[in-house]
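*Asks:* One structure coming up, written as structure tokens, with questions to follow.
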Amino acid sequence: MLNLILKDILIQKKTLGFVGLYILILSIAFQSIGAGAFIGIIIAVTYQLVVTAGSHEDKAGADIIMNSLPLSRREIVISKYLSVIAYGLLAVLGYMAFSLVINLIPISVKISPITPENMALAFTGIMVMNSIYYPVYFKAGYVKSRIISFILYFVFFFGLMALFGVMNINGTGAMLNTVTGLLSGMNKVQFFLILTGGTLIFTLGSCILSIKFYNGREF
Amino acid sequence: MENILEVRNLNKTFPDFTLNNISFALPKGFITGFIGPNGSGKTTTIKLIMNLLKKDSGEITVFGLDHIRHEKEIKNRIGFVYDENHFYEELTVEEMKRIIASRYIKWDEKQFKSYIKEFGLPLNRKIKELSRGMKVKFSLAIALSHHADLLIMDEPTSGLDPVVRSEILDILYNVIQDENKGVFFSTHITSDLDRIADYIIMIYQGEILFNKSKDELVEEHSIIKGPLCLLDTNLRSSLIGIRKSKYGFEALTKDREAANAFVKAGAVAEKPVLEDIMLFYTRKENGNA
Chain A
4 MLNLILKDIL
14 IQKKTLGFVG
24 LYILILSIAF
34 QSIGAGAFIG
44 IIIAVTYQLV
54 VTAGSHEDKA
64 GADIIMNSLP
74 LSRREIVISK
84 YLSVIAYGLL
94 AVLGYMAFSL
104 VINLIPISVK
114 ISPITPENMA
124 LAFTGIMVMN
134 SIYYPVYFKA
144 GYVKSRIISF
154 ILYFVFFFGL
164 MALFGVMNIN
174 GTGAMLNTVT
184 GLLSGMNKVQ
194 FFLILTGGTL
204 IFTLGSCILS
214 IKFYNGREF
Chain B
-9 MENILEVRNL
1 NKTFPDFTLN
11 NISFALPKGF
21 ITGFIGPNGS
31 GKTTTIKLIM
41 NLLKKDSGEI
51 TVFGLDHIRH
61 EKEIKNRIGF
71 VYDENHFYEE
81 LTVEEMKRII
91 ASRYIKWDEK
101 QFKSYIKEFG
111 LPLNRKIKEL
121 SRGMKVKFSL
131 AIALSHHADL
141 LIMDEPTSGL
151 DPVVRSEILD
161 ILYNVIQDEN
171 KGVFFSTHIT
181 SDLDRIADYI
191 IMIYQGEILF
201 NKSKDELVEE
211 HSIIKGPLCL
221 LDTNLRSSLI
231 GIRKSKYGFE
241 ALTKDREAAN
251 AFVKAGAVAE
261 KPVLEDIMLF
271 YTRKENGNA
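Same order as they appear, the protein sequences are chains A and B.
To convert a position in the first sequence, counted from 1, into the numbering used here, add 3.
The numbers in the numbering used here rise by one with no breaks, and the one at position 54 of the second sequence is 44.
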């Protein structure tokens, strides 16, 4: 399984080289939305990596070779979901490295802080987004599912931006408090448990559906 | 004789093509050629064996095991070479090998290195920078480096120059010296099989026309060449695929008595090669029309 995740990263070595530049552009573009910038950037970078991996798989006709190896279709599907987490972590690492560089050089780019709350929301965002996308990807293949991934990206990305705009949030604590405040009588721990549990159940359901679809695919 | 692969009553229907109830078996220790013109069902059959396509009905067993229920176990013992490159173009030979090698229980790195050296493959070069011949050699090195008992090859030599083709055939010939292994070699370049195949299965329009030893096949068929007037006799019904010109006709027959009768009547009988057999069988309808 680990090798399949490493494969997903390895096939887009070139794209990884551009992640830093991508984060810089997005950081400048999202300065006005404060804490939401981090979440938006993680979603954007992960989306890019998911799409690029799909494009490389499609170009190589990799389904044929992967399904000719001693490898179950279930393993192939599960590895894709785990790769999303790996992409998210890579995006966070890239963001951290970028923040470090920005702090060292005299450039006035406002860096949105990385907090546990931000991380939880960013990973919820990428998992939910890709849990909607992957069943379509495994059912229809990369080319036919491209439009869905594009729509999802815009819905999640600009949806979040709009949400943060409405909430008029500047600090991370304020953001979480606003969100948790909506769920009356709920503390942070409860909120995160519900968020994580909900995401996990949603992802699991999506993964089961993807396995079912992929088992029926022909190459 | 033990069979390494058995296909029984296999059916698969597409909107424009049907694989119609095909059955055949591959004996262990031999190279079996799978011939037929393009679009006759060779790749479909191979994809069904590899479970890349879902069969409508029928049974496929490899090493005596159901190809779906024991899929992983079977694929650990199969080496495959396809007609197209399905490797990630951006990866190097070494990186691609690492991804694939991790899947096989019996991966033999020493063996792989030895093939890489023999084939002159540069480990650090990207797949997209390899020539078609090198890509096939890389596929072959992978297929031969995990002690596979069955090699499945779908048009591996198409588009290769004669030197590379010859090298690949020599390797296959060496592989099959181990009588526990089997090779299923699909091609429309029948001259490759003239050199190395033991058995020939011919598929045409989704149906198996014959499954025989190559020697038996060549022995039982004759090419008949003669004047057109001989076609007016009742011997014509014994001919398979007739090619006419203003100088005479050429046809295939598997009727020994008819061949002798044609010779007595002034025709010439010659031994066919596999290409003749394939061409005349696929020309059958037009020739007899």
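Heads up, the beta-carbon is just placed ideally off N, CA and C, and yes, glycines get one too.
Would you kindly work out how many angstroms separate the C-alpha atoms of residue 19 of chain B and residue 175 of chain B, rounded to a whole number?
*Replies:* For the purposes of this step, residue 19 of chain B is identified with residue 29 of the second sequence, where counting begins at 1. For the purposes of this step, residue 175 of chain B is identified with residue 185 of the second sequence, where counting begins at 1. For residue 19 of chain B and residue 175 of chain B, the distance between alpha carbons rounds to 13 Å.
*Asks:* Check the Cβ of residue 73 of chain A against every Cβ in chain B and list those closer than 7 Å, keeping chain order.
*Replies:* Translated into the one-based positions of the first sequence, residue 73 of chain A becomes position 70. Here the neighbours are 62, 65, 66, 93, 94.
*Asks:* Could you tell me if residue 63 of chain A is buried or exposed, where buried requires 16 or more neighbouring beta carbons within 10 angstroms of its beta carbon?
*Replies:* Counting from one through the first sequence, the residue named residue 63 of chain A turns up at place 60. Its Cβ being crowded by 16 or more others within 10 Å, residue 63 of chain A is buried.
*Asks:* State the DSSP-derived secondary structure class of residue 133 of chain A, mapped to helix, strand or coil.
*Replies:* As a working mapping, residue 133 of chain A is identified with position 130 in the first sequence. DSSP places residue 133 of chain A in helix when its eight states are reduced to three.
*Asks:* Does DSSP classify residue 197 of chain B as helix, strand or coil?
*Replies:* Position 207 of the second sequence holds residue 197 of chain B. Strand, per DSSP.
*Asks:* Taking the straight line between their C-alpha atoms, what separation do you get for residue 36 of chain A and residue 94 of chain A?
*Replies:* Along the first sequence, one-based indexing puts residue 36 of chain A at 33. Along the first sequence, one-based indexing puts residue 94 of chain A at 91. Going from the Cα of residue 36 of chain A to the Cα of residue 94 of chain A covers about 19 Å.
*Asks:* Report the option in A:201, A:11, A:222 whose CA atom is closest to the CA atom of residue 88 of chain A.
*Replies:* For the purposes of this step, residue 88 of chain A is identified with residue 85 of the first sequence, where counting begins at 1. For residue 88 of chain A, the nearest C-alpha among the options comes from A:11.
*Asks:* With DSSP run on the structure shown, which of helix, strand or coil describes residue 200 of chain A?
*Replies:* Within the first sequence, residue 200 of chain A is the residue found at index 197, counting from 1. Of the three classes helix, strand and coil, the one that applies to residue 200 of chain A here is helix, per DSSP.
*Asks:* State yes or no: is the C-beta of residue 142 of chain B within less than 8 Å of the C-beta of residue 70 of chain B?
*Replies:* Sequence index remark: in the second sequence, residue 142 of chain B carries index 152 (1-based). Sequence index remark: in the second sequence, residue 70 of chain B carries index 80 (1-based). Their beta carbons are under 8 Å apart, which means residue 142 of chain B touches residue 70 of chain B by this criterion.
*Asks:* Closest to residue 256 of chain B by C-alpha separation, out of B:221, B:234, B:262, B:233, would be which residue?
*Replies:* Here the question's residue 256 of chain B lines up with position 266 in the second sequence. Of B:221, B:234, B:262, B:233, the residue nearest in Cα terms is B:221.
*Asks:* So, does the CB of residue 215 of chain A fall closer than 8 Å to a CB anywhere in chain B?
*Replies:* The sequence position of residue 215 of chain A within the first sequence is 212, counting from 1. So no, residue 215 of chain A is outside the interface.
*Asks:* If we call anything under 8 Å between Cβ atoms a contact, is residue 189 of chain B one with residue 203 of chain B?
*Replies:* Along the second sequence, read from residue 1 onward, the residue named residue 189 of chain B stands at position 199. Along the second sequence, read from residue 1 onward, the residue named residue 203 of chain B stands at position 213. Yes. Within cutoff.
*Asks:* Buried or exposed for residue 205 of chain B, please, with buried defined as at least 16 other CB atoms from any protein chain shown within 10 angstroms of its CB.
*Replies:* Within the second sequence, numbered from 1, the residue matching residue 205 of chain B stands at position 215. It is exposed - the Cβ of residue 205 of chain B has fewer than 16 other Cβ atoms within 10 Å.
*Asks:* Classify residue 171 of chain A as helix, strand or coil using the three-state DSSP reduction.
*Replies:* By 1-based counting over the first sequence, the position of residue 171 of chain A is 168. Note that residue 171 of chain A scores 49 on pLDDT, short of 50, meaning its location in the model is unreliable; the coordinates nonetheless yield the value given after this. Here residue 171 of chain A sits in coil by DSSP.
*Asks:* Taking C-beta pairs closer than 8 Å, name the residues in chain B that residue 12 of chain A reaches, listed in chain order.
*Replies:* Within the first sequence, residue 12 of chain A is the residue found at index 9, counting from 1. Near residue 12 of chain A there are no residues of chain B at all, since even the closest Cβ is about 11 Å away, more than 8 Å.
*Asks:* At 7 Å on the CB atoms, spell out the chain A contacts of residue 311 of chain B, in chain order.
*Replies:* An answer regarding residue 311 of chain B cannot be provided, because it is not within the stretch -9 to 279 covered by chain B.
*Asks:* Apply the 10 Å Cβ neighbour rule to residue 106 of chain A and answer buried if 16 or more other Cβ atoms are within range, or exposed otherwise.
*Replies:* As a first step, residue 106 of chain A must be located in the first sequence, where it is residue number 103. That one is exposed.
*Asks:* Can you give me the C-alpha to C-alpha distance between residue 130 of chain B and residue 272 of chain B, rounded to a whole angstrom?
*Replies:* By 1-based counting over the second sequence, the position of residue 130 of chain B is 140. By 1-based counting over the second sequence, the position of residue 272 of chain B is 282. Going by the C-alpha atoms only, they are around 31 Å apart.
*Asks:* Suppose the cutoff is 7 Å on Cβ atoms and the five residues either side in sequence are ignored; what does the same chain contact list for residue 208 of chain A look like?
*Replies:* Residue 208 of chain A sits at position 205 when you count from the first residue of the first sequence. Result list for residue 208 of chain A: empty, nothing under 7 Å.
*Asks:* If you measure beta-carbon to beta-carbon, which residues of the segment 39 to 71 of chain A are closer than 9 Å to chain B?
*Replies:* For the segment 39 to 71 of chain A, which is checked against every Cβ of chain B, the residues closer than 9 Å are 59, 60, 62, 63, 64, 65, 66, 67, 68, 69, 70, 71.
*Asks:* First and last residue of the alpha helix (DSSP H) that includes residue 31 of chain B?
*Replies:* In the second sequence, the residue the question calls residue 31 of chain B occupies position 41. Careful: residue 31 of chain B lies outside any alpha helix (DSSP H) and carries neither H nor E.
*Asks:* Using only the alpha-carbon positions, how far apart do residue 155 of chain B and residue 23 of chain B sit?
*Replies:* Mapped onto the second sequence, residue 155 of chain B falls at position 165. Mapped onto the second sequence, residue 23 of chain B falls at position 33. Spanning the two alpha carbons is a distance of roughly 15 Å.
*Asks:* For residue 29 of chain A, does the three-state DSSP call read helix, strand or coil?
*Replies:* Your numbering for residue 29 of chain A matches position 26 in the first sequence. Helix.
*Asks:* One question on the structure: do residue 26 of chain A and residue 44 of chain A come within less than 8 Å of each other, judged by their Cβ atoms?
*Replies:* One-based indexing of the first sequence puts residue 26 of chain A at position 23. One-based indexing of the first sequence puts residue 44 of chain A at position 41. Result yes, Cβ atoms of residue 26 of chain A and residue 44 of chain A sit closer than 8 Å.
*Asks:* For the structure I just gave you, are there three or more beta carbon pairs, one from the segment -1 to 10 of chain B and one from the segment 189 to 205 of chain A, closer than 8 Å?
*Replies:* The segment -1 to 10 of chain B is not in contact with the segment 189 to 205 of chain A.
*Asks:* Take the Cβ of residue 112 of chain A as the centre, count every other Cβ of all protein chains shown within 10 Å, and call the residue buried at 16 or more, exposed below.
*Replies:* Here the question's residue 112 of chain A lines up with position 109 in the first sequence. By the neighbour-count rule (16 or more Cβ atoms within 10 Å), residue 112 of chain A is not buried but exposed.
*Asks:* Pick out whichever of B:157, B:49, B:113 has its Cα sitting closest to the Cα of residue 38 of chain B.
*Replies:* Counted from its first residue, the second sequence places residue 38 of chain B at position 48. Ranking B:157, B:49, B:113 by Cα distance to residue 38 of chain B puts B:49 first.
*Asks:* Evaluate residue 146 of chain A with the Cβ neighbour count: other Cβ atoms within 10 Å of its Cβ, from every protein chain shown; 16 or more gives buried, anything less gives exposed.
*Replies:* As a first step, residue 146 of chain A is located in the first sequence; it is residue number 143 there, counting from the start. Classification for residue 146 of chain A: exposed.
*Asks:* On the CB-based measure, 16 or more other CB atoms within 10 Å of its CB, does residue 219 of chain B come out buried or exposed?
*Replies:* Reading the second sequence from its first residue, position 229 is the one you call residue 219 of chain B. Classification for residue 219 of chain B: exposed.
*Asks:* Are any of the Cβ atoms in chain B nearer than 8 Å to that of residue 191 of chain A?
*Replies:* Along the first sequence, read from residue 1 onward, the residue named residue 191 of chain A stands at position 188. Answer no: the Cβ-Cβ gap between residue 191 of chain A and chain B never drops below 8 Å.
*Asks:* Is residue 174 of chain A close to chain B, meaning its C-beta is less than 8 Å from at least one C-beta of that chain?
*Replies:* As a first step, residue 174 of chain A must be located in the first sequence, where it is residue number 171. The pLDDT assigned to residue 174 of chain A is 49, lower than 50, so where the model puts this residue is not dependable; a value taken from the coordinates is nonetheless given after this. Not closer than 8 Å to any Cβ of chain B, the Cβ of residue 174 of chain A fails to qualify, so no.
*Asks:* Can you name the residues of chain B whose CB is closer than 7 Å to the CB of residue 113 of chain A?
*Replies:* Position 110 of the first sequence holds residue 113 of chain A. Neighbours of residue 113 of chain A on chain B: none; closest Cβ ~35 Å, over 7 Å.
*Asks:* Between which two residues does the alpha helix (DSSP H) carrying residue 61 of chain A extend?
*Replies:* Walking along the first sequence from the start, residue 61 of chain A turns up at place 58. First-last of the alpha helix (DSSP H) with residue 61 of chain A: 39 to 63.
*Asks:* Considering only residues of the segment 210 to 275 of chain B, which uninterrupted alpha helix (DSSP H) runs meet the minimum length of 4 residues and lie entirely inside it, listed in chain order?
*Replies:* Qualifying alpha helix (DSSP H) stretches, in chain order: 246 to 254.
*Asks:* Should residue 197 of chain B and residue 36 of chain B be called a contact, given that it needs their Cβ atoms to be closer than 8 Å?
*Replies:* Your numbering for residue 197 of chain B matches position 207 in the second sequence. Your numbering for residue 36 of chain B matches position 46 in the second sequence. The answer is no: Cβ separation not under 8 Å.
*Asks:* For residue 151 of chain B, count the other beta carbons within 10 Å of its own beta carbon; 16 or more makes it buried, fewer makes it exposed. Which is it?
*Replies:* Taking the second sequence and counting its residues from 1, the one referred to as residue 151 of chain B is at position 161. Counting Cβ neighbours within 10 Å, residue 151 of chain B comes out exposed, since fewer than 16 surround it.
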